[in-house]
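Just so we're aligned, residue 1 is where the sequence shown starts under full-length UniProt numbering, counting upward by one.
Even glycine gets a Cβ: it sits at the ideal position worked out from N, Cα and C.
Taking it in order: structure first as structure tokens, then the write-up.
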Amino acid sequence: MIFGHCCNKTFEYCFLSRKTIPLRDKEAKQDYRFMPEPNLPPLVLMDDDERPMKHRQGLVSVSALRALLPELPAGLRSRLIQNYNLRPDLVATLVKEDGLMEYFEEVIEVGKQDPKIVINWVMNNLLGVLNECGLSVSQSPIKPGALAELINLQINGIISSSVAKKVFAMMWKDNESRSPVKIVAESGWGIICDPVQLEAACIDIIAKHPKQCDDPRCLLPRLPPRLLSSTITMHQGLPETRRVQRVT
């Protein structure tokens, strides 16, 4: 860097150009009302690509200081958009809410899941109840590992989306110490996949609604929508629509 005479001027900083811009100076008389601070040592700034100066008093390495800085918001937003392909408004919320970005990334790291599925859970479920209860992310009773486990259960077709929300609510309100896997297993909330069970459920619903089955539309290869809905409702939403249709 080349140092010359320092004039007394008033500057502003432009965030767009990242430069200081002179606003005004004293054209005739330098009558700024300040006194030089005698205790301030000389300050010399240097980048790594510059040759070291012989006179090292007050030498400050800009690159070394930059390396000590944490990841700044602008860099965070760019990285999240690039790595996870998220919308800018969602990224802005992740960065703004203290601890939310770390929570989001830990869920992804633990569960190895699609970022878009995780962001939906974090924004629509977790952040909603946090705001409702006036809690911070660090105070959440549901830790990232537990949420990752719950999302995996839904993604892998072990539980339905409605059951996943039910388990989430139970984990939140009851200070549940059991894992999502254990809650689902002990509550019998897993999706019914066995074709024999599904067929028995369909036969049962047909036997309970003989008049609807006399309808000519029941001659179709699949259950009518009302009977299909009744089958799923009667079994607490555990059979999936596509699986029931497959056995009828």
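Integer Cβ distance of residue i from residue j, believed to fall under 8 angstroms
i: Leu153; j: Phe168; result: Not a contact, Cβ separation roughly 11 angstroms.
i: Leu76; j: Met101; result: 7 angstroms
i: Pro144; j: Val110; result: 6 angstroms
i: Ile191; j: Ile158; result: 6 angstroms
Identity of the residues DSSP links to residue i by a beta bridge
i: Phe11; result: Pro22
i: Val44; result: Leu59
Assigned exposure category for residue i - 16 Cβ within 10 Å defines buried
i: Pro22; result: exposed
i: Val107; result: buried
i: Leu72; result: exposed
i: Ala146; result: buried
i: Val163; result: buried
i: Ala148; result: buried
i: Pro42; result: exposed
i: Leu86; result: buried
CA nearest to the CA of residue i, picked from the options
i: Lys9; options: Leu16, Asp25, Lys182 and Asn83; result: Asp25
i: Ser138; options: Asn124, Ile119 and Glu97; result: Glu97
i: Tyr84; options: Leu45, Val118 and Val44; result: Val118
i: Asn125; options: Trp172, Val91, Gly99 and Ala185; result: Trp172
i: Ser78; options: Leu68, Asp114 and Leu90; result: Leu90
i: Asn131; options: Met46, Thr93, Val181 and Ser179; result: Thr93
Residue j beta carbon less than 8 angstroms from that of residue i
i: Pro88; j: Ile81; result: yes
i: Val44; j: Val60; result: yes
i: Tyr103; j: Val129; result: no
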